[in-house]
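Data first, discussion second: the structure below is written as structure tokens.
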Amino acid sequence: MVTKITKGIKISVDTEFKGTYYKDTKLLYAFEYFISIENQSSDVVQLNSRHWVILDSLNNQEVVNGEGVIGKKPVIKPGEIHNYKSGCLLASPFGAMYGYYRMINLNNTKRFNVIIPSFKLNAPFATN
Numbered sequence: 043m044v045t046k047i048t049k050g051i052k053i054s055v056d057t058e059f060k061g062t063y064y065k066d067t068k069l070l071y072a073f074e075y076f077i078s079i080e081n082q083s084s085d086v087v088q089l090n091s092r093h094w095v096i097l098d099s100l101n102n103q104e105v106v107n108g109e110g111v112i113g114k115k116p117v118i119k120p121g122e123i124h125n126y127k128s129g130c131l132l133a134s135p136f137g138a139m140y141g142y143y144r145m146i147n148l149n150n151t152k153r154f155n156v157i158i159p160s161f162k163l164n165a166p167f168a169t170n
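Heads up: take any position in the sequence shown, counting from 1, add 42, and you land on our numbering.
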């Protein structure tokens, strides 16, 4: 698990390899990631959008921007934790993801970015 705290917001990430799939005769590697967003600040915050960079060992890069996470824009009060899971497909058994969440402090209406730390995606059968 990797963890990063930005402006009192703690992001923790864990991953799991889910298997291989064929799509249009192309072999893909499926990964699931589990995100925990913990508000350690004294302010109420809301997650508005996300920015992801997804890399694989074949030098493919995908950038994903979107509203909220899994269809939600959670409001997270001090001391609360918002958990969710999602996934991605890679063209290789190794990769990484990183990015940030765009949030707003609902106490003072200031917007800020919360860093999502870089985390590895590894198929266990391909690890040395």
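For each residue, glycine too, the CB sits at the ideal point set by N, CA and C.
- Leaving aside the five residues before and after L148 along the sequence, list all residues of the same chain whose C-beta is less than 8 Å from its C-beta, in chain order. So the list reads D85, V86, V87, Q88, V117, once near-sequence residues are dropped.
- Query: Can you tell me the Cα-Cα spacing of K52 and A165, whole angstroms?
  - Reply: Between the alpha carbons of K52 and A165 lies a distance of about 26 Å.
- What is the rounded straight-line gap between the Cα of T48 and the Cα of N81? 10 Å
- Message: Which runs of the beta strand (DSSP E) at least 3 residues long sit entirely within the stretch 98-145? Give them in chain order.
- Response: Listed in chain order, they are 103-109, 123-132.
- Task: Figure out for me which residue from K65, K115, K119, L132 has the closest Cα to the Cα of Y126.
- Result: Closest by alpha carbon: K115.
- Among K46, V44, M43, S54, which one has its Cα closest to the Cα of H124? Closest by alpha carbon: S54.
- Given a threshold of 16 other Cβ atoms within 10 Å of its Cβ, counted over all protein chains shown, does L97 qualify as buried or as exposed? buried
- Pick helix, strand or coil for A168, following the three-state DSSP scheme. helix
- N-terminal and C-terminal residue of the beta strand (DSSP E) that G50 is part of: Per DSSP, G50 belongs to no beta strand (DSSP E) and is neither H nor E.
- Starting from the C-beta of V106, find all residues in its chain whose C-beta is less than 6 Å away, skip the five residues before and the five after it, and write them out in chain order. W94
- Item | Alpha-carbon spacing of Y71 relative to E109, whole angstroms | In this structure, the CA atom of Y71 is about 25 Å from the CA atom of E109.
- Straight-line CA distance for S134 to K65? Those two C-alpha atoms are separated by around 14 Å.
- Message: Please list the terminal residues of the continuous beta strand (DSSP E) segment that includes S78.
- Response: 68-81
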